[in-house]
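Participant: Those protein sequences? They're chains A and B, same order as listed. Numbering follows my numbering, in which position 117 of the first sequence is assigned residue number 1071; successive positions increment by one, without gaps. Numbering follows my numbering, in which position 126 of the second sequence is assigned residue number 1080; successive positions increment by one, without gaps.
There are 2 protein chains.
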Amino acid sequence: MQLDPEMFDPVCPSGALPFRIGDKWTAMIVLCLENGPARFTELRVPLKRISPKVLTETLKAMERDGLVTRTAFDENPPRVEYELTALGRSLLALIGAVREWSSAHLADLLAHRERSPLSHRPGESRLAAP
Amino acid sequence: MQLDPEMFDPVCPSGALPFRIGDKWTAMIVLCLENGPARFTELRVPLKRISPKVLTETLKAMERDGLVTRTAFDENPPRVEYELTALGRSLLALIGAVREWSSAHLADLLAHRERSPLSHRPGESRLAAP
DNA sequence: ACCACCGGTCACTTCAAGGAAACTGGCGTC
DNA sequence: GACGCCAGTTTCCTTGAAGTGACCGGTGGT
Chain A
955 MQLDPEMFDP
965 VCPSGALPFR
975 IGDKWTAMIV
985 LCLENGPARF
995 TELRVPLKRI
1005 SPKVLTETLK
1015 AMERDGLVTR
1025 TAFDENPPRV
1035 EYELTALGRS
1045 LLALIGAVRE
1055 WSSAHLADLL
1065 AHRERSPLSH
1075 RPGESRLAAP
Chain B
955 MQLDPEMFDP
965 VCPSGALPFR
975 IGDKWTAMIV
985 LCLENGPARF
995 TELRVPLKRI
1005 SPKVLTETLK
1015 AMERDGLVTR
1025 TAFDENPPRV
1035 EYELTALGRS
1045 LLALIGAVRE
1055 WSSAHLADLL
1065 AHRERSPLSH
1075 RPGESRLAAP
């Protein structure tokens, strides 16, 4: 799998989104695995700012929940592949819905936020979906 | 508006859901306002465990983002009504999608989690949608 | 002998969300 | 004069997600 290092546009306000699927990175990982398995280091490329610690934590949680499978090959150098399960793939539709909402309404929300007199942020009304 | 105090079943693992819309309570508030405006104290009924502080914070964030409007009537005792905007109402579809996913797949996820050897939780793979 | 690669782990810190409890203030009532 | 209602505010505290940076162990290359 070749993952585009730019697949998560830094300009795209993924972080400002009022949706969240799983942990902070879960939805992005699901998207990374959409077109087939990937290995640990491959995932780190598009997920530019993730630390290995957080990536393992997230992947472990996803594995525990049956969203991905982890396959370690006894080779050298070591190789580990992560792949979406059917359950994990079922999240794709949801992520799609979130993205649709975002492209239709997020600009609205952001514009309103900027205009608002309550503009200082005591709670960003986060949502998550990259 | 009469809000059913039991509309958020304590048995329903809303808290375990791997989705989240806005702050912790945002989606529930949207649901509470689905059928018309409600006032501060009315919202506190179904949202049993919310503190007034958190409720105001959440409502302010939602108002700032254009999801709800706040209307204060100069009466006695004071009355304040919160109502969904069109933008806020647009979230209903999303919440519906999340609920559909949940009723189709959440049991799966939870079962997997329980079965898993990684069962102790270093990251619940949260999602939010009540 | 040294280095890099892979897929992590470990120890530590920061930061913000969320919760608990008490208080406010104008008005009406008993 | 005390009490209660509504819609909050204020202060304090706990928790846990997330980030930083260092380190590890086996192998293959030069």
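Ideal placement from N, C-alpha and C gives every residue a C-beta, glycine not left out. These numbers were taken from a predicted model, which means no experiment stands behind them.
(1) Does any residue of chain A bring its CB to less than 8 Å from the CB of W1055 (chain B)?
(2) Name, please, each residue of chain B whose Cβ falls closer than 9 Å to the Cβ of P972 (chain A).
(3) Identify the residues that DSSP records as bridge partners of E1035 (chain B): which are they?
(4) If the cut is a Cβ gap below 9 Å, which residues of chain A does R1033 (chain B) touch?
(5) Could you tell me how far apart the beta carbons of H1059 (chain A) and S1044 (chain B) are, in whole angstroms, since I believe they sit closer than 8 Å?
(6) Say whether chain B places a C-beta atom closer than 8 Å to the C-beta of L1038 (chain A).
(7) What does A1061 (chain B) touch in chain A if you count any residue whose Cβ is under 8 Å from its own?
(8) Does the region 995-1011 of chain A come close enough to the region 997-1011 of chain B to have 3 or more Cβ pairs within less than 8 Å?
(9) How about the region 1013-1021 of chain A and the region 1061-1073 of chain A: do they share at least three Cβ pairs that are nearer than 8 Å?
(10) For F1027 (chain A), which residues from the same chain have a beta carbon less than 8 Å from its beta carbon, with the 5 sequence-adjacent residues on both sides left out?
(11) Taking the alpha carbon of H1066 (chain B) as the point to measure from, which residue in A:K1014, A:L1048, A:R1067 has its own alpha carbon closest?
(12) So, with DSSP's three-state summary, where would you put L1072 (chain B)?
(13) Can you list the residues of chain A that R998 (chain B) reaches, using a CB-CB cut of under 9 Å?
(14) Can you list the residues of chain B that V1052 (chain A) reaches, using a CB-CB cut of under 7 Å?
(15) Following the continuous alpha helix (DSSP H) through A1047 (chain B), name the residue where it begins and the one where it ends.
(16) Between the Cα of T1039 (chain A) and the Cα atoms of A:M982, A:E988, A:P1031, which residue gives the shortest distance?
(17) Determine, for R1067 (chain B), whether the minimum Cβ-Cβ distance to residues of chain A falls below 8 Å.
(18) Measure the beta-carbon distance from G976 (chain B) to P972 (chain A) and round it to whole angstroms, keeping in mind my assumption that it falls under 8 Å.
(19) How would you list, in chain order, the residues of chain A whose beta-carbon sits under 9 Å from the beta-carbon of K1002 (chain B)?
Facilitator: Per the coordinate set shown:
(1) Counting from one through the second sequence, the residue named residue 1055 (chain B) turns up at place 101. Judged by the 8 Å Cβ criterion, W1055 (chain B) is in contact with chain A.
(2) In the first sequence, the residue the question calls residue 972 (chain A) occupies position 18. By Cβ distance, chain B contributes R974, I975, G976, D977, T980, D1019, L1021, L1045.
(3) For this step, residue 1035 (chain B) is matched to residue 81 along the second sequence. In the DSSP output, where bridge partners are listed per residue, E1035 (chain B) has B:R993, B:T1025.
(4) Locating residue 1033 (chain B) in the second sequence gives position 79, where the first residue counts as 1. By Cβ distance, chain A contributes nothing, its closest Cβ being about 21 Å from R1033 (chain B), past 9 Å.
(5) Counted from its first residue, the first sequence places residue 1059 (chain A) at position 105. Counted from its first residue, the second sequence places residue 1044 (chain B) at position 90. With 8 Å as the limit, H1059 (chain A) and S1044 (chain B) qualify as a contact, their Cβ atoms being about 5 Å apart.
(6) Here residue 1038 (chain A) corresponds to residue number 84 of the first sequence, with the count starting at 1. By this cut-off, L1038 (chain A) is not an interface position.
(7) Taking the first residue of the second sequence as 1, we reach residue 1061 (chain B) at position 107. Result: empty, since nearest Cβ-Cβ is about 11 Å, beyond 8 Å.
(8) no
(9) no
(10) Position 73 of the first sequence, counted from the first residue, corresponds to residue 1027 (chain A). Taken in chain order, the residues that qualify are R1033, V1034, E1035.
(11) Translated into the one-based positions of the second sequence, residue 1066 (chain B) becomes position 112. Here the closest residue by C-alpha is A:K1014.
(12) Position 118 of the second sequence, counting from 1, holds the residue named residue 1072 (chain B). Three-state result, L1072 (chain B): coil.
(13) Here residue 998 (chain B) corresponds to residue number 44 of the second sequence, with the count starting at 1. Going along chain A, no residue has its Cβ under 9 Å from R998 (chain B), so there is no contact; the nearest lies around 18 Å.
(14) For the purposes of this step, residue 1052 (chain A) is taken as residue 98 along the first sequence, with counting starting at 1. Near V1052 (chain A) (Cβ distances below 7 Å), the residues of chain B are L1048.
(15) Taking the second sequence and counting its residues from 1, one reaches residue 1047 (chain B) at position 93. 1040-1055 is the span of the alpha helix (DSSP H), which, as asked, contains A1047 (chain B).
(16) As a working mapping, residue 1039 (chain A) is identified with position 85 in the first sequence. Ranking A:M982, A:E988, A:P1031 by Cα distance to T1039 (chain A) puts A:E988 first.
(17) Along the second sequence, one-based indexing puts residue 1067 (chain B) at 113. Yes - at least one Cβ of chain A is within 8 Å of the one on R1067 (chain B).
(18) Walking along the second sequence from the start, residue 976 (chain B) turns up at place 22. Walking along the first sequence from the start, residue 972 (chain A) turns up at place 18. With a Cβ gap of about 5 Å, G976 (chain B) and P972 (chain A) count as contacting.
(19) Walking along the second sequence from the start, residue 1002 (chain B) turns up at place 48. Under the 9 Å cutoff, chain A gives no residues; its nearest Cβ is about 21 Å from K1002 (chain B).
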